[in-house]
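**Q** Sharing a structure with you now.
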Amino acid sequence: MVSLTNDERAMLDGRDGPAVAKAMDLLVRYAEALGAEDFVYTDNVAGVPGSSPQWVKDYYAEDGGDYRAVFSRFDLDSDEAVDVPRMNAFSCHLQGGMDPEMWRDQGMSEEAFANFRSDEAEVAGHGIQVMKTCTPYLAGNVPVMGEHCAWMESSAVVFCNSVIGGRTNCEGRESTSAAMLAKRIPNWGFHTDEFRIGQHAIEVEVPVDSIFEWGMLGYYTGGAVEDAIPVLDGKIGEASLIKHKHFGAAAASSGGVEMYHMVGITPEARSREVAFGGPDKGTRFTYGLRERAAIYERLNSIGESDTVDYVMLGCPHYSADQIATAARMLEGRTVHANSELWIFTSRAVKATAVASGYAEILRKAGAKLMTDTCSAISQAVPKGTRVAAFDSAKQTHYLPAMMGIEGWFGTTQECIDAACTGKWQGRLN
Amino acid sequence: MVTAALKSPDVILRGRKVVGGTCEGEALVTRQTISGWGGVNPMRGEVIESHHELRGQSFAGKILVFPGAKGSSGWSGIFHMTRLTGKAPLGLLFTITTTKAALGAVVLRVPTMTDFDIDPLDLIETGDWVRIDADAGEVHVWKCGVAG
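Residue numbers (my numbering), protein chains in the order written: chain D, 1 to 429; chain U, 430 to 577.
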């Protein structure tokens with residue numbers, strides 16, 4: 001049984017109103033399902049609170065079919081609709097379903113857009129920051145080392161645990177919405193020291209320095225360790241935020257990695273011994289030339305035609321420097337008549353890209369800079385797309401399977417070249 | 430619901446309650462972990478992940494026996510939706526506890542167990558008749574279909 005503090009008991013008993021009581025009730029059921037003994041306090045929650053397609057609202061028609069009904073019945077898993085106050089925790093909304101301006105290009109209907117606008121107004125009205133991104137750490141929400149968080153979005157979770165040293169499990173929609181009200185999350189998994197130590201070793205024997213190489217290593221890592229915690233050691237160089245972002249997203253999608261250690265690079269891996277909490281454990285994997293070539297082949301196994309009609313960049317959402325790089329590569333060129341180039345980012349980063357002139361370079365070249373979502377989340381690709389190209393292992397993992405299209409994986413330069421020529425010419429050097 | 434009291438079960442497993450309650454029905458078993466978002470169609474309660482051994486099969490009205498959850502943090506949300514569409518599983522038995530699977534079971538509100546004395550994936554096959562009594566911490570299994 002989970003033990004409750006006096007404060008938590010009072011919340012459960014309704015001291016802070018019915019919505020907080022329902023939130024606490026859900027969190028208690030969740031803690032017991034996990035076998036957690038108590039809760040941690042959190043004041044950093046990232047989720048998708050209350051946002052829903054119209055059919056979910058219609059399902060709760062008897063309760064009003066509105067944001068209040070969905071937040072109560074679905075997010076808090078309550079048997080009755082209750083009034084939902086402003087959130088108590090520092091809360092942010094992760095990625096959403098469409099671009100707020102270019103939704104028509106994404107094939108969205110007027111009705112879907114009206115629903116999107118209505119949900120967003122409710123989110124803002126409930127004191128939730130409208131970040132609308134899978135990279136909250138690029139849009140103003142950067143936890144600190146050791147901070148207990150309750151985050152959704154597998155790529156953000158792995159970044160928070162591994163790169164920042166923040167502490168979060170891979171939470172779901174209902175647990176994050178409840179935590180926004182109750183400021184509690186079960187004290188289980190990555191909130192505890194013993195859960196965070198390495199379980200398998202990966203020896204990196206080929207140089208991994210560019211973002212492309214970091215992505216491939218990430219995709220290999222997830223396949224090797226599945227959802228365990230790897231300790232990577234060896235020829236990993238030139239670490240940066242965007243490389244970690246790319247690596248973690250790839251490892252989370254191919255295997256479900258929620259935390260990794262890189263010896264001498266990530267904050268809880270000062271040494272190999274610290275990362276493992278003692279001597280090496282688990283299996284020792286090797287990432288060499290053979291493994292690198294196999295991963296490249298695997299990521300490119302769903303591409304046949306070299307005629308590319310869609311290039312998607314921005315998974316996870318591009319940072320300002322990635323947009324700058326893409327703009328430099330595109331300057332003076334134009335996207336091919338038979339192809340489209342969509343680049344996804346957050347609204348915060350787009351504002352910087354606009355101010356810095358990159359957005360204008362992209363626009364002149366015929367590329368579209370979109371926010372809030374991505375092709376996989378919104379299931380939106382340009383009309384008639386048959387073959388797409390990506391610089392993201394994660395998007396390559398998801399989108400072709402979801403949309404029934406072919407896909408290529410390569411460097412950002414190869415993707416930009418494909419967008420401008422309509423042809424895929426990527427290869428492993 | 431068919432009563433399973435006619436014949437004593439072939440196997441009894443003991444484990445930990447994740448979500449309380451009792452249910453009985455036919456098992457759908459996989460040794461592969463399951464993705465929610467991007468891996469399950471909530472309108473049909475069907476596994477859609479490429480290369481998954483259950484691809485094209487629906488878990489609606491079945492007792493889903495699987496190692497655990499993988500993939501996107503949207504796992505609970507997708508399984509929650511199957512409750513709305515009437516395509517939810519009857520109960521869940523899994524062996525690896527993750528936040529995704531635990532939260533998914535909670536919001537599905539179906540009897541769910543884990544942490545077994547014997548690995549259910551070694552004992553239960555698709556088509557076996559299974560009764561979960563999560564509060565008592567027991568799973569009764571009748572091999573090859575309906576008891577009695």
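Backbone N, C-alpha and C fix where the C-beta goes; we use that ideal spot for every residue, glycine too.
1. Below 7 Å CB to CB, which residues in the same chain sit around glycine 189 of chain D once its five sequence neighbours on both sides are set aside?
2. Give the residues of chain U in contact with cysteine 170 of chain D, contact being defined as C-beta atoms less than 8 Å apart.
3. Starting from histidine 509 of chain U, trace the alpha helix (DSSP H) in both directions and tell me its first and last residue.
4. Would you say glycine 35 of chain D lies against chain U (beta-carbon separation less than 8 Å)?
5. Taking the alpha-carbon positions, what's the glutamate 258 of chain D to alanine 124 of chain D distance?
6. Could you check how far apart the C-beta atoms of glycine 165 of chain D and methionine 152 of chain D are, in whole angstroms? I think they sit under 8 Å.
7. Kindly indicate which residue of U/Cys573, U/Val458 and U/His569 has the alpha-carbon position closest to the one of isoleucine 441 of chain U.
8. Where does valine 263 of chain D fall in DSSP's three states?
9. Would you please state the rounded distance, in angstroms, between the beta carbons of leucine 430 of chain D and alanine 389 of chain D? I believe it to be under 8 Å.
10. Within 10 Å of its beta-carbon, does leucine 428 of chain D have 16 or more other beta-carbons around it, so buried, or fewer, so exposed?
11. Would you kindly check if the distance between the Cβ of glycine 127 of chain D and the Cβ of methionine 87 of chain D is under 8 Å?
12. Just to check my reading of the structure: alanine 380 of chain D and glutamine 106 of chain D have Cβ atoms closer than 8 Å, yes? What is that Cβ distance to the nearest angstrom?
13. Restricting to Cα atoms, I'd like to know which of D/Pro382, D/Thr385, D/Arg29 and D/Arg347 is closest to glycine 96 of chain D.
14. Grab me the residues of proline 438 of chain U's own chain with a C-beta within less than 8 Å of its C-beta, minus the 5 sequence neighbours each way, in chain order.
15. Shorter than 8 Å from the beta carbon of arginine 173 of chain D to some beta carbon of chain U?
16. Would a C-beta distance cut-off of 8 Å place aspartate 391 of chain D and leucine 313 of chain D closer than the cut-off?
17. Any beta-carbon of chain U closer than 8 Å to the one on glutamine 413 of chain D?
18. Within 10 angstroms of the Cβ of alanine 23 of chain D, are there 16 or more other Cβ atoms? Answer buried if so, exposed if not.
19. Could you tell me the boundaries of the alpha helix (DSSP H) in which serine 91 of chain D lies?
20. Please return the same chain residues whose Cβ sits closer than 7 Å to the Cβ of methionine 262 of chain D, not counting the five positions on each side in sequence.
21. At a cut of 8 Å, does the stretch 406-424 of chain D reach the stretch 332-343 of chain D through at least three beta carbon pairs?
22. Of all the residues that make up the stretch 510-521 of chain U, which are near chain D by a beta-carbon distance shorter than 9 Å?
23. Distance, Cα to Cα, valine 56 of chain D vs alanine 46 of chain D?
24. Would you call the CB atoms of alanine 531 of chain U and alanine 150 of chain D closer than 8 Å?
25. Check the C-beta distance from aspartate 546 of chain U over to glycine 444 of chain U and give it rounded, since I have them as a contact under 8 Å.
26. Just checking: is the beta-carbon of serine 305 of chain D within a distance shorter than 8 Å of some beta-carbon in chain U?
27. Could you give the DSSP three-state label for glycine 577 of chain U: helix, strand or coil?
28. Would you check if there are 3 or more beta carbon pairs closer than 8 Å linking the stretch 212-220 of chain D to the stretch 176-193 of chain D?
29. Since lysine 446 of chain U sits in a beta bridge, which residues does DSSP pair it with?
30. Checking contacts by CB at 8 Å: is alanine 565 of chain U closer than that to chain D?
31. How would you label glutamine 425 of chain D, buried or exposed, when you count the other beta carbons within 10 angstroms and need 16 or more for buried?
32. Beta-carbon separation of valine 82 of chain D and serine 72 of chain D under 8 Å?
33. Taking 8 Å as the threshold (beta carbon to beta carbon), is valine 458 of chain U in contact with chain D?
34. Tell me which residue opens and which closes the alpha helix (DSSP H) that glutamate 120 of chain D is part of.
35. Taking Cβ positions only, does leucine 493 of chain U come closer than 8 Å to chain D?
36. Between the alpha carbons of asparagine 300 of chain D and histidine 481 of chain U, how many angstroms are there, rounded?
**A** Reading it off the structure:
1. Asn169 and Phe195
2. Ser502, Thr527, Thr528 and Lys529
3. 504-514
4. yes
5. In this model, glutamate 258 of chain D and alanine 124 of chain D are separated by some 29 Å (Cα to Cα).
6. Actually they are not in contact, since the Cβ atoms of glycine 165 of chain D and methionine 152 of chain D sit about 19 Å apart, beyond 8 Å.
7. U/His569
8. Residue state for valine 263 of chain D is assigned as coil, using DSSP reduced to three classes.
9. A query on residue 430 of chain D cannot be resolved here, the shown segment of chain D reaching from 1 to 429 and no further.
10. exposed
11. yes
12. Contact annotation, alanine 380 of chain D with glutamine 106 of chain D: C-beta distance approximately 4 Å; criterion of less than 8 Å satisfied.
13. D/Arg347
14. Arg560, His569, Val570, Trp571 and Ala576
15. yes
16. yes
17. no
18. buried
19. No alpha helix (DSSP H) holds serine 91 of chain D; the beta strand (DSSP E) holding it covers 91-93.
20. Setting aside the 5 residues that flank it on each side, methionine 262 of chain D is surrounded in the same chain by Leu232, Ile236 and Ala269, each with a C-beta closer than 7 Å to its C-beta; the list follows chain order.
21. yes
22. Met510, Leu513 and Thr514
23. Each residue's alpha carbon lies about 21 Å from the other.
24. no
25. 7 Å
26. no
27. Bear in mind that a pLDDT of 47 at glycine 577 of chain U, under 50, signals an unreliable position, so the model cannot answer this.
28. no
29. Per DSSP, the beta bridge partners of lysine 446 of chain U are U/Met542.
30. no
31. exposed
32. yes
33. no
34. 110-125
35. no
36. 19 Å
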